[in-house]
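K.L.:
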Amino acid sequence: DGFLPQNYTVASFQQQVLERSVIKGYFQNRDALQSESPDYNRNAGLEVQYRSGDGRFQSFAGYSRSFTSGLEGKAYSYISGIGYDNRNISVYSNLSGMGKNYRADMGYIRGQEYYDAERDTSIFIGMNHWFTRAAYTLYSENSRRIISHEFSGRYIYDVDTAFSMLNREIEGGYTLAFSSTAQLRASYNNTTVDLLYPFTFIGDEPLPAGIYHYYQAEIRIQSDQRRLFSLQGGMAYGTFYNGTRVQYTFGIKYRAQPWGNFSVNFEQNKLEFPEPYGSDNLFLINPRVEINFSRKLFWTTFLQYNTQEDNFNINSRIQWRFQPMSDLYIVYTDNYAVEFWGPKHRALVIKLNYWFNF
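Residues in the sequence shown are numbered consecutively from 109, following the working numbering.
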């Protein structure tokens with residue numbers, strides 16, 4: 109029951125081994141209090157990370173299990189990866205997955221939960237995820253204005269536990285970096301999705317289940333980040349499932365040295381689908397304020413207005429670093445329905461991190 113009081117507990121450890129490698133473990137627990145029947149979710153995991161002495165080579169592997177009331181079996185999760193970096197080349201690949209009964213109530217799992225708009229229900233599946241990226245950077249030795257040209261590629265492939273394709277993405281990109289810290293990036297993405305259940309993005313007639321192919325071309329710019337005022341923006345155009353999508357982004361940031369940062373980001377997505385699937389113009393506005401009262405006391409506040417969800421969100425956090433690597437966080441979250449201007453839910457969270465140095 110989401111309205112019952114909840115007890116949340118997290119414990120973790122990290123131990124350095126060899127020169128730059130670590131072993132990490134964690135335990136998470138959520139228990140519903142005053143519940144007439146068992147209502148809990150627990151996660152325990154272990155991960156080993158290896159990094160070579162020069163920092164160029166890295167690899168990692170981890171495994172975890174969840175224990176959830178009412179669910180038995182297929183509650184595993186795993187992750188593994190390998191990477192290599194030098195001045196010109198960066199290559200990284202990881203493989204991860206989980207069973208259909210793995211749950212993480214204190215976190216977010218992408219791609220496991222599917223919503224069936226026709227039956228108004230959610231379905232959980234097991235999946236395996238493969239992610240690979242590679243980049244080559246060519247440095248400009250004889251130019252004062254241009255630092256580098258970067259050519260990059262990315263590949264994502266998701267399958268269910270029967271190895272049927274769920275999602276495939278291929279992306280290529282080019283980034284031009286200037287000595288002023290300004291950047292220009294262009295990219296092209298091609299996606300194939302197996303939509304397992306009917307789904308709607310804008311509340312009209314759900315798109316039918318099936319395989320969809322779509323693409324997107326995008327360009328982004330960023331101004332000199334060293335200046336007190338900096339700008340960023342972009343535009344993307346492409347197909348989206350059986351429709352089209354046009355996206356505009358814009359952001360402005362002001363640095364009040366040395367005590368504060370103020371920024372506002374704006375995003376617009378224009379979605380058009382053939383009849384009877386509808387069309388819409390979605391807006392997202394996201395102001396952010398960061399104030400440093402001292403070297404130990406910080407205040408960060410996010411505001412967000414989202415027309416798709418008709419939601420206005422406030423997230424405000426106070427951080428007190430009372431000892432090195434030890435922090436006290438006080439976080440207040442508030443969500444409002446914009447149309448009728450009423451609170452949806454509120455939360456006050458207190459979190460304490462303490463660093464033990466053995």
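Cβ coordinates follow ideal geometry from the N, Cα and C atoms, glycine included.
Let's test the definition: count the other Cβ atoms within 10 Å of the Cβ of W449 and tell me whether it reaches 16, buried, or not, exposed.
P.N.:
With fewer than 16 Cβ atoms within 10 Å of its Cβ, W449 is classed as exposed.
K.L.:
Could you tell me the distance, in whole angstroms, from the CA atom of Y356 to the CA atom of F464?
P.N.:
Looking at the two C-alpha atoms, the distance is approximately 46 Å.
K.L.:
Could you tell me the distance, in whole angstroms, from the CA atom of N297 to the CA atom of S272?
P.N.:
Their Cα atoms are separated by approximately 22 Å.
K.L.:
Mind checking L473: buried by the 16 CB within 10 Å criterion, or exposed?
P.N.:
Residue 473 lies beyond the residue range present for the chain, which begins at 109 and ends at 466; the question has no answer from this structure.
K.L.:
Check each candidate in G359, D418 and L405 and name the one with the smallest Cα separation from I426.
P.N.:
For the residues G359, D418 and L405, the minimum Cα distance to I426 belongs to L405.
K.L.:
Whole angstroms are fine: how far does the CA of Y440 sit from the CA of K452?
P.N.:
Spanning the two alpha carbons is a distance of roughly 14 Å.
K.L.:
Grab me the residues of D109's own chain with a C-beta within less than 8 Å of its C-beta, minus the 5 sequence neighbours each way, in chain order.
P.N.:
Summary for D109: the model assigns pLDDT 45, below 50, so the residue's position carries little reliability; its value from the coordinates is reported in the next sentence. Result list for D109: A140, S143 and D147, in chain order.
K.L.:
Rounded to whole angstroms, how far is the Cβ of L315 from the Cβ of Y385, which I believe are closer than 8 Å?
P.N.:
Their Cβ separation, rounded to whole angstroms, is 6 Å, which keeps L315 and Y385 in contact under 8 Å.
K.L.:
Leaving aside the five residues before and after N373 along the sequence, list all residues of the same chain whose C-beta is less than 6 Å from its C-beta, in chain order.
P.N.:
Only G359 and N394 meet the Cβ criterion.
K.L.:
With distance defined between alpha-carbon atoms, name the residue in T300, D228, T408 and D388 nearest to E279.
P.N.:
Here the closest residue by C-alpha is T300.
K.L.:
Report the option in Y223, S288 and N209 whose CA atom is closest to the CA atom of P306.
P.N.:
With distances taken between Cα atoms, P306 lies closest to Y223.
K.L.:
Per DSSP, which residues does K182 bridge with? Please list them.
P.N.:
Paired residues: none, contrary to the question.
K.L.:
Alpha carbon to alpha carbon, how far is A119 from Q431?
P.N.:
Computed Cα separation, rounded: 19 Å.
K.L.:
So I458 is in the beta strand (DSSP E); what residue range does that whole segment cover?
P.N.:
Where I458 is concerned, the enclosing beta strand (DSSP E) stretches over G450 to N461.
K.L.:
Quick one: Cα of G351 to Cα of S387, how far?
P.N.:
So the two alpha carbons sit approximately 9 Å from each other.
K.L.:
In terms of DSSP beta bridges, what is F358 paired with?
P.N.:
DSSP output for F358 lists G341 and F374 as bridge partner(s).
K.L.:
What's the gap between the Cα of A317 and the Cα of S371?
P.N.:
The alpha-carbon atoms of A317 and S371 are separated by roughly 40 Å.
K.L.:
Where S145 and R159 are concerned, what is the direct C-alpha to C-alpha distance, given to the nearest angstrom?
P.N.:
Distance between the alpha carbons of S145 and R159 is about 46 Å.
K.L.:
Taking the alpha-carbon positions, what's the A225 to S198 distance?
P.N.:
So the two alpha carbons sit approximately 41 Å from each other.
K.L.:
Between the region 225-234 and the region 148-157, are three or more C-beta pairs nearer than 8 Å?
P.N.:
Segments in contact, no.
K.L.:
Where I264 and G207 are concerned, what is the direct C-alpha to C-alpha distance, given to the nearest angstrom?
P.N.:
If I take the Cα positions, the gap works out to 19 Å.
K.L.:
What residue range does the beta strand (DSSP E) around T117 cover?
P.N.:
Where T117 is concerned, the enclosing beta strand (DSSP E) stretches over Q114 to V125.
K.L.:
So the candidates are S177, A152, E326 and S331; which of them puts its Cα closest to the Cα of G346?
P.N.:
The shortest Cα separation from G346 among S177, A152, E326 and S331 belongs to E326.
K.L.:
Please identify the residue among G170, N209 and Y186 whose C-alpha is closest to the C-alpha of S177.
P.N.:
Comparing Cα positions, the closest option is N209.
K.L.:
Whose CA, out of R276, E447 and Y134, lies closest to the CA of S174?
P.N.:
Comparing Cα positions, the closest option is Y134.
K.L.:
Could you tell me the distance, in whole angstroms, from the CA atom of I438 to the CA atom of A152?
P.N.:
Cα to Cα, I438 sits roughly 25 Å from A152.
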